[in-house]
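K.L.:
Numbering (my numbering), first residue to last: 137 to 445.
Beta carbons are placed, not taken as given, at the ideal position from N, Cα and C, and that holds for glycine.
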Amino acid sequence: MSKAKVLLVEDNKLQADIIREFLSRNGYEVVTVDNGVAAFKAAQMHHVDIVLLDRILPDMDGGDVCRWLKIDPNTRDIPIIMLTAKAGLDDKISGLEAGADDYLPKPFEESELNARIFVRLRSKAHQDELKQKNRQLEDMLMRVESLAIMDPLTGLYNRRRFEAILSTEFKRSHRYNNPLSCLVIDVDHFKKINDTHGHQTGDAVLKECAQVIQNTIREVDTAARWGGEEFIILVPNTSKENGKRAAERIWKAVGGHAFAVLPGVQVTVSIGVAGIPDPAIQTTEQLIHTADVAMYEAKKKGRNRVESS
């Protein structure tokens, strides 16, 4: 176990030597400086665990040093014990108000100093442990949230998340009279891929398809796995005509992609496009259904193509 590192800020050389020797004897690693500016630098450079800070320093008041250490995000969590010959209540209060965690008047018993250091280090260890647990909890919550909105195989949004985004974008489109396009994508002959090469290969194909799609669309577009071998794309502020152009880019990108798990085999997609404004489309369900019908039209016409409603 590594030694706790103490920053001793003391301008009296004799007293600094006495305290440093005592601390070293009790197993601490000691960094010693004799002024406030050096204290700032040492606290940053040496990653100390605790600061013993003299109240009276040659270049500034120890209270100011304490305030600056507590303001800086890199040093604010370091416990500070203020050491001073001023034993008055007002001095003690001002030191604590400056941010000191403890206050020890001189002269002091070495055993008391050791006890106070131990208490502060133990408190800091508990705080560090709590912060670590909080970080772990935040990471876990982020993972849970991700699982709630992401498709675990492809890493794209899942159906529920897509529907929530579509609802918002659909309302915005109607409110501001902006166009909105929807693309439904189906991987051609996917059952044959599974039957011939196995489901593991089929899963890998879906993952690569998702990556190709994600790399082809804009940042403002939303891609999701709709189910099975189907994907769905929401293309905001885009007319049906321009939505079809976006679909053709995806169609070409997938058809031209060399799938690592199927060397020499071309994977193609059929894509259906729908968009608003369209007098026949008044709901999100109708928008998706219309794009879905267009996709099945592409299937009927021989697959590996784009059709719009």
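Starting from residue 341 and walking both ways along the alpha helix (DSSP H), at which residues does that stretch end?
P.N.:
The sequence position of residue 341 within the sequence shown is 205, counting from 1. 335 to 352 is the span of the alpha helix (DSSP H), which, as asked, contains residue 341.
K.L.:
In chain order, what residues of the same chain lie with their CB nearer than 6 Å to the CB of residue 169, ignoring the 5 residues before and after it?
P.N.:
Walking along the sequence shown from the start, residue 169 turns up at place 33. For residue 169, where only same-chain residues beyond five positions count, the Cβ hits under 6 Å are 145, 175, 178.
K.L.:
Quick check: the Cα distance between residue 158 and residue 141, rounded to an integer number of angstroms?
P.N.:
Taking the sequence shown and counting its residues from 1, the one referred to as residue 158 is at position 22. Taking the sequence shown and counting its residues from 1, the one referred to as residue 141 is at position 5. If you take the alpha carbons of residue 158 and residue 141, they lie about 14 Å apart.
K.L.:
Using a Cβ distance threshold of 8 Å, determine whether the region 265 to 272 contacts the region 246 to 256, with at least three qualifying pairs required.
P.N.:
no
K.L.:
For residue 396 and residue 302, I'd like the C-alpha separation in whole angstroms.
P.N.:
Counting from 1 along the sequence shown, the entry for residue 396 is found at position 260. Counting from 1 along the sequence shown, the entry for residue 302 is found at position 166. If I take the Cα positions, the gap works out to 33 Å.
K.L.:
Quick check on residue 154: does DSSP put it in helix, strand or coil?
P.N.:
By 1-based counting over the sequence shown, the position of residue 154 is 18. In the three-state DSSP reduction, residue 154 falls in the helix class (H, G or I).
K.L.:
Please classify residue 338: is it buried, with 16 or more other beta-carbons within 10 angstroms of its beta-carbon, or exposed?
P.N.:
Residue 338 sits at position 202 when you count from the first residue of the sequence shown. Buried, by the Cβ-count rule.
K.L.:
At a cut of 8 Å, does the region 380 to 393 reach the region 421 to 428 through at least three beta carbon pairs?
P.N.:
no
K.L.:
Would you mind stating whether residue 292 and residue 360 have Cβ atoms separated by less than 8 Å?
P.N.:
Within the sequence shown, numbered from 1, the residue matching residue 292 stands at position 156. Within the sequence shown, numbered from 1, the residue matching residue 360 stands at position 224. Yes, these two residues count as a Cβ contact at 8 Å.
K.L.:
Can you tell me where the beta strand (DSSP E) with residue 395 in it begins and where it stops?
P.N.:
Position 259 of the sequence shown, counted from the first residue, corresponds to residue 395. Where residue 395 is concerned, there is no enclosing beta strand (DSSP E), given that its DSSP letter is neither H nor E.
K.L.:
With a Cβ-Cβ cutoff of 8 Å, do residue 319 and residue 371 count as a contact?
P.N.:
In the sequence shown, the residue the question calls residue 319 occupies position 183. In the sequence shown, the residue the question calls residue 371 occupies position 235. For residue 319 and residue 371, yes; Cβs fall inside 8 Å.
K.L.:
Anyone know if the C-beta pair for residue 154 and residue 253 falls short of 8 Å?
P.N.:
Here residue 154 corresponds to residue number 18 of the sequence shown, with the count starting at 1. Here residue 253 corresponds to residue number 117 of the sequence shown, with the count starting at 1. Contact: no.
K.L.:
Are the beta-carbon atoms belonging to residue 355 and residue 442 less than 8 Å from one another?
P.N.:
Taking the first residue of the sequence shown as 1, we reach residue 355 at position 219. Taking the first residue of the sequence shown as 1, we reach residue 442 at position 306. The answer is no: Cβ separation not under 8 Å.
K.L.:
By Cβ distance, which residues of its chain are closer than 8 Å to residue 327, with the 5 residues on each side in sequence left out?
P.N.:
By 1-based counting over the sequence shown, the position of residue 327 is 191. There are no such residues.
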